[in-house]
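Please read the structure below before turning to the comments.
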Amino acid sequence: MALLNVDQLSVTFGGRGRKDSIAVDGVSFTVDQGQVVGLVGESGCGKSVTSLALMGLLPEKGVKVGGRVEFDGQDLLTISRRKLRDMRGSQLAMIFQDPLSSLNPVIPIGIQVTEILQRHRGLKGEAARKEAADLLDRVGIPDPRRRLKEYPHQLSGGMRQRALIAMAVACAPRLLIADEPTTALDVTIQAQILELLKELVDQEGTALLMITHDLGVVAGICDEVNVLYAGRAVESAGRRELFAAPTHPYAHGLLGSIPRLDAPRGEPLRPIRGSINDKIAWADGCAFAPRCDYYTMECLTGTPELTEPRTAGHQVRCVNPVLPKAEVSA
Amino acid sequence: MLRLVVRRLLQLIPTLLGLSVLLFLWLNRLPGGPASAILGERATEAEVTRINRALGLDEPVYVQYWRFLKRIFELDLGTSTQTGQPVWDEFVLRFPATVELSVAAIVIAVLVGIPLGYLAARHRGGWLDVASVSGSLIGICIPVFFLALMLKGIFAVELGLFPSYGRLSTGLDATDITGFATLDGLLTGELDATWDAIMHLVLPAVALASIPLAVIVRMTRASVLEVLGEDYIRTAESKGLDKRVVRGRHVLRNALLPVVTAVGLLTGSLLSGAVLTESVFSFGGIGSFIRTSIDARDYPVLVGFILFIAMVYVLINLLVDLAYSIIDPRVRVH
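Below you can see the structure in the form of structure tokens.
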């Protein structure tokens, strides 16, 4: 059985007098121990909300969360807040997008690391400081003893993200959720951070849920990929299958829109036209239809189901999947 | 750190010089003067001239100013035209009362305001939030002297719970050492005197605390709400920390940064502005003295007071900056 089993997760934001807005609309995926699973999609597709729902970090008021999130056999959505608090940081941990704003600006890095050691591992005083220094050292921060006394603004961007990773892995969590961990960093640092995450997964057997809009990150690290659009998975496949044969028109478009270094000079970029529209619901048909190049009237007759038009395990939510010409005529 | 302090103190010199020039020009332009204030409406020309000569007001304004400057380096602010006593002595006599009152007011405002603002933010939209926000609006709107009169009328006159005027009960044998009535009692072991002084402080301090309290409640509330939405609070939650740690170490610590600045500035304004409250409760501080000095056109007192207050403001601002550099590492001075 998978370590994390997300089944029909849905998140709806609503408030007094405001119309409900569906951010996540029945997303299902699994993450095994030692596996890296990607959630990919553009801004507003529900990636981050999914991750916050898993961690129980969504606001309590005005949010409805449905479905099941089974972690090690327990449903994270129904266990007590207190139990979830005990699990956060120790069993489940998260790395955030913007390392500067994610660190408390007025508290030394050291305390921000030791506080989690004290909470979950009962380490105090010098023992906690030593462990914190070891952690910083492990994530590649030089001179960790000195860094413990420093404040977030005294560290570089990459260093801050390393510090956040150190906090996340401090209690050897079984599942690590990384929400766009490289977005705020420049490219060389991005590569180093991905390398670090990969190392942690390989050494510790941690499961990693990677949330990103960067297909380069996906290609570099993920075993399985879920492409999200408007709160639903539109394509789920192994990394090789996805990159070799993107089948949903959206995934196809995403991969097609990556600028290529070997393209002839002057060749225009190929974007997906339009932008995501949260007023279009899946209930009335395919939410991607207005932006789709393969769109037919059939797309609007009902919600498309996940099917496996190519190979087993390669799921696509589309009535007109992008298939090689030969297969279409067959 | 030391360089900052020295630089700020040096900046005080041009500030005070500029201010004193403005004051001299401005007071010189005012109609009337100490002479007509002392002599009344039917003063003869000859009497006015005599008094002006005695006070040195017959000379050109730049000569007066020069004399003033020379004196000020000996910490001599001149002589009050009302009482005939040195201005400095008058301040020393009265300022402790004002400090005592201001400190009591700001302590009340902080001790009530910060928890109230914090709870209001935590229970946003709840009854406590609505009550404290509308209550603080009322607190800002009610004129302090009116509130002072109401408090005095109800709690001192009607209910008789607190004394209605003064700093100490008449007939109480209290030794005066520092000028701070509450402190003197503790120093001499006359605890009844301290208690008496505290009872005298309650009503004026509550009246004076109303506006700072309202400001602090609102600032704390807004600041806590802002911090609650910060990414680092989410990080703290994601670490599964105890609620107490998240609230104390992560929320409050950051939310109180702007409040510290506000408390400093409010303290400065209290030290200069307790005029009405002191008058209502005959509190014998510097505020009521200034009021009579305005009536009496007591120029030396007014100039001295305004310069003094300017100095207090600068020093308090300096203290706030120093405090800030301790609590916020981002602005720490090297």
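Chains as they are written, first to last, in numbering that gives the first Met the number 0: chain Y, 0 to 329; chain U, 0 to 333. Glycine is no exception: its CB is placed at the ideal position from the N, C-alpha and C atoms.
Please compile the residues from chain U whose C-beta is within a distance smaller than 8 angstroms of the C-beta of M158 (chain Y).
In the first sequence, residue 158 (chain Y) corresponds to position 159, counting from 1. Chain U residues near M158 (chain Y): none, gap ~16 angstroms exceeds 8 angstroms.
Extent of the continuous beta strand (DSSP E) to which I21 (chain Y) belongs
Walking along the first sequence from the start, residue 21 (chain Y) turns up at place 22. It spans R17 to V30 - the beta strand (DSSP E) in which I21 (chain Y) sits, taken as one unbroken run.
Option nearest F28 (chain Y) by Cα separation, candidates Y:T302, Y:R144, Y:V226 and Y:D283
Walking along the first sequence from the start, residue 28 (chain Y) turns up at place 29. Looking at the Cα atoms, Y:V226 is the closest of the given residues.
Identify whether L294 (chain Y) lies in helix, strand or coil by the three-state DSSP scheme.
The residue you call residue 294 (chain Y) lines up with position 295 of the first sequence. According to the sequence displayed, residue 294 (chain Y) carries Tyr and not Leu. Y294 (chain Y): coil per DSSP, three-state reduction.
Any heavy atom of the ligand NAP within a distance shorter than 7 angstroms of the CB on G255 (chain Y)?
In the structure on display, the ligand NAP does not appear, and there are no ligands present to speak of.
Measuring only the C-alpha atoms, how far is G88 (chain Y) from R17 (chain Y)?
For the purposes of this step, residue 88 (chain Y) is taken as the residue at position 89 of the first sequence. For the purposes of this step, residue 17 (chain Y) is taken as the residue at position 18 of the first sequence. When rounded, the distance between both Cα atoms is 34 angstroms.
Might you give, ordered along the chain, the residues of its own chain that have their beta carbon closer than 8 angstroms to the beta carbon of L352 (chain Y), omitting 5 neighbours on each side?
Nothing in the structure corresponds to residue 352 (chain Y), since chain Y is present only between 0 and 329.
For V105 (chain Y) versus D327 (chain U), is the C-beta spacing smaller than 8 angstroms?
Numbered from 1 along the first sequence, position 106 holds the residue referred to as residue 105 (chain Y). Numbered from 1 along the second sequence, position 328 holds the residue referred to as residue 327 (chain U). Contact flag set, yes.
Could one say the Cβ of E229 (chain U) lies closer than 8 angstroms to chain Y's Cβ atoms, at least one of them?
In the second sequence, residue 229 (chain U) corresponds to position 230, counting from 1. Interface residue, yes.
Against chain U: residues of the stretch 133 to 157 of chain Y by CB proximity under 7 angstroms
Contacts with chain U (Cβ-Cβ distance below 7 angstroms) from the stretch 133 to 157 of chain Y involve Y150 and H152, listed in chain order.
Would you mind telling me which residues of chain U sit closer than 9 angstroms to R118 (chain Y), beta carbon to beta carbon, in chain order?
Counting from one through the first sequence, the residue named residue 118 (chain Y) turns up at place 119. Those within 9 angstroms of R118 (chain Y) in chain U are K238, G239, L240, D241 and V244.
Starting from F161 (chain U), trace the beta strand (DSSP E) in both directions and tell me its first and last residue.
Against the second sequence, residue 161 (chain U) aligns to sequence position 162. Looking at the DSSP string, F161 (chain U) is not in any beta strand (DSSP E), and its letter there is neither H nor E.
For the stretch 98 to 120 of chain U, which residues have a CB atom closer than 8 angstroms to at least one CB atom of chain Y, in sequence order?
none
Would you say M209 (chain Y) lies against chain U (beta-carbon separation less than 8 angstroms)?
If you number the first sequence from 1, residue 209 (chain Y) lands on position 210. With 8 angstroms as the cut-off, M209 (chain Y) does not count as an interface residue toward chain U.
At what residue ranges does the stretch 175 to 223 of chain U contain a whole run of the alpha helix (DSSP H), taking only runs of 4 or more?
180 to 187
Cβ shell of A232 (chain Y) (< 8 angstroms), same chain only, five flanking positions each side left out:
Here residue 232 (chain Y) refers to the residue found at position 233 of the first sequence. These residues qualify, in order along the chain: V26, S27, F28, N225, V226, L305, Q314 and R316.
Counting Cβ pairs, one atom from each stretch, are 3 or more of them under 8 angstroms apart for the stretch 96 to 111 of chain U and the stretch 51 to 63 of chain U?
no
With DSSP collapsed to three states, give me the class of Q10 (chain U).
Stepping through the second sequence from its first residue, residue 10 (chain U) is reached at position 11. Residue state, collapsed to three classes: helix.
Excluding the five sequence neighbours on either side, which residues of its own chain have a C-beta within less than 8 angstroms of the C-beta of V143 (chain U), listed in chain order?
As a working note, residue 143 (chain U) is residue 144 in the second sequence. Hits under 8 angstroms: A206, L207, S209, I210, L275 and T276.
Residue range of the beta strand (DSSP E) that K63 (chain Y) falls in?
The sequence position of residue 63 (chain Y) within the first sequence is 64, counting from 1. Residues V62 to F70.
Let's test the definition: count the other Cβ atoms within 10 Å of the Cβ of P13 (chain U) and tell me whether it reaches 16, buried, or not, exposed.
As a working mapping, residue 13 (chain U) is identified with position 14 in the second sequence. When all chains shown are included, P13 (chain U) counts as exposed.
Within 8 angstroms, strictly: CB atoms of L147 (chain Y) and P107 (chain Y):
Residue 147 (chain Y) sits at position 148 when you count from the first residue of the first sequence. Residue 107 (chain Y) sits at position 108 when you count from the first residue of the first sequence. Yes, they are a contact pair.
To the nearest angstrom, report how far apart Q34 (chain Y) and V318 (chain Y) are at their CA atoms.
Walking along the first sequence from the start, residue 34 (chain Y) turns up at place 35. Walking along the first sequence from the start, residue 318 (chain Y) turns up at place 319. Cα to Cα, Q34 (chain Y) sits roughly 30 angstroms from V318 (chain Y).
Where G165 (chain U) and T193 (chain U) are concerned, what is the direct C-alpha to C-alpha distance, given to the nearest angstrom?
Your numbering for residue 165 (chain U) matches position 166 in the second sequence. Your numbering for residue 193 (chain U) matches position 194 in the second sequence. Rounded to the nearest whole angstrom, the C-alpha separation of G165 (chain U) and T193 (chain U) is 14 angstroms.
For V105 (chain Y), name the three-state secondary structure that DSSP assigns.
For this step, residue 105 (chain Y) is matched to residue 106 along the first sequence. Coil.
Continuous alpha helix (DSSP H) stretch holding M166 (chain Y): start and end
If you number the first sequence from 1, residue 166 (chain Y) lands on position 167. M166 (chain Y) -> alpha helix (DSSP H) spans G156 to V168.
Neighbouring residues, chain Y, relative to P328 (chain U) (Cβ below 7 angstroms)
For this step, residue 328 (chain U) is matched to residue 329 along the second sequence. Simply V105 and Y150.
From this set, U:A34, U:S101 and U:D57, which residue's C-alpha is nearest L202 (chain U)'s C-alpha?
On the second sequence, residue 202 (chain U) is found 203 positions in, with the first residue counted as 1. Ranking U:A34, U:S101 and U:D57 by Cα distance to L202 (chain U) puts U:S101 first.
Looking at A250 (chain Y) and E234 (chain Y), is the spacing between their C-beta atoms short of 8 angstroms?
Position 235 of the first sequence holds residue 234 (chain Y). Position 251 of the first sequence holds residue 250 (chain Y). Yes, the pair counts as a contact, with Cβ atoms nearer than the cut-off.
Nearest neighbour of E229 (chain U), chosen from Y:H212, Y:L99 and Y:A190 [CA to CA]:
Here residue 229 (chain U) is taken as the residue at index 230 of the second sequence, counted from 1. The shortest Cα separation from E229 (chain U) among Y:H212, Y:L99 and Y:A190 belongs to Y:L99.
Is there a Cβ of chain Y sitting closer than 8 angstroms to that of N253 (chain U), yes or no?
Looking up residue 253 (chain U) in the second sequence gives position 254. Closer than 8 angstroms: yes.
Would E179 (chain Y) pass as an interface residue toward chain U - the criterion being a Cβ-Cβ separation below 8 angstroms?
Here residue 179 (chain Y) refers to the residue found at position 180 when the first sequence is read from its first residue. Judged by the 8 angstroms Cβ criterion, E179 (chain Y) is not in contact with chain U.
Please report the residue range of the beta strand (DSSP E) in which R316 (chain Y) lies.
Numbered from 1 along the first sequence, position 317 holds the residue referred to as residue 316 (chain Y). Counting along the chain, the beta strand (DSSP E) containing R316 (chain Y) begins and ends at Q314 to R316.
Three-state class that DSSP yields for V10 (chain Y) in the structure shown:
Here residue 10 (chain Y) refers to the residue found at position 11 when the first sequence is read from its first residue. Three-state result, V10 (chain Y): strand.
CB contact flag (T300 (chain Y), W281 (chain Y), <8 angstroms)
Counting from one through the first sequence, the residue named residue 300 (chain Y) turns up at place 301. Counting from one through the first sequence, the residue named residue 281 (chain Y) turns up at place 282. Not a contact, by the Cβ cut-off of 8 angstroms.
Secondary structure at G283 (chain U), three-state DSSP: helix, strand or coil?
The sequence position of residue 283 (chain U) within the second sequence is 284, counting from 1. It is coil, neither helix nor strand.
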